[in-house]
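Input: a single structure, listed below in C-alpha cells.
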Amino acid sequence: MERWIYYDNRGYVYGYPSEVELDVVARDGGTIAVEITSALRRGDLQQIKRKVELFRLRNNAVYSRQKPRRGDRRSQRHGHHRSVA
C-alpha cells in the first residue's frame, strides 16, 4: 500500500484548498484506492468519491470498482474498511 498525497489548490475534495491523502494499492496491472476507518459517516462517502476522482484526474487512472468476493473472510477479520475505485 502506498499513500498518495496531493495539494488540492482548487478545493475539489473539501470545498477549500487542502492537502488530500489517499491510500492506493497497485495490483494486477490496476490501482485500488483504499479508505480504512473505524466509523463511516454519510459525508465521508462523498469525500472519498471526490478523492478517487481527483486521483484519477491527476494520474490518468482508469476507473474500476472492486467488490469483495462472497465468502472473502479477509474483509470480515480486519474491521471496517471501504474499498473504492
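With this note's numbering, the residue at position 5 of the sequence shown is 430, and numbering never jumps. Virtual Cβ for every residue (Gly too), placed ideally from N, Cα, C.
1. What distance in whole Å lies between the Cβ atoms of V450 and W438, which are believed to be in contact at a cut-off of 8 angstroms?
2. With 16 other CB atoms within 10 Å as the buried threshold, where does I473 fall?
3. Whose C-alpha, out of A486, F480 and N485, is nearest the C-alpha of E444?
4. Taking just the CA atoms, how far does R435 sit from R428?
5. My output table needs one value for V445: the three-state DSSP class, helix, strand or coil.
6. Counting along the chain, where does the alpha helix (DSSP H) carrying D453 start and finish?
7. By DSSP's criteria, D433 is part of a beta bridge. Which residues make up the other side?
On the basis of the data shown:
1. Position 13 of the sequence shown, counted from the start, is the residue given in the question as residue 438. Position 25 of the sequence shown, counted from the start, is the residue given in the question as residue 450. Correcting the residue type first, residue 438 is Val in the shown sequence and not Trp. So it is not a contact: roughly 20 angstroms between Cβ atoms.
2. Position 48 of the sequence shown holds residue 473. Result: buried.
3. The residue given as residue 444 occupies position 19 in the sequence shown. Out of A486, F480 and N485, F480 has the C-alpha closest to the C-alpha of E444.
4. Numbered from 1 along the sequence shown, position 3 holds the residue referred to as residue 428. Numbered from 1 along the sequence shown, position 10 holds the residue referred to as residue 435. If you take the alpha carbons of R428 and R435, they lie about 21 angstroms apart.
5. Your numbering for residue 445 matches position 20 in the sequence shown. Strand.
6. Walking along the sequence shown from the start, residue 453 turns up at place 28. That residue, D453, is in no alpha helix (DSSP H); it is neither H nor E in DSSP.
7. Position 8 of the sequence shown holds residue 433. BP columns for D433 point to S443.
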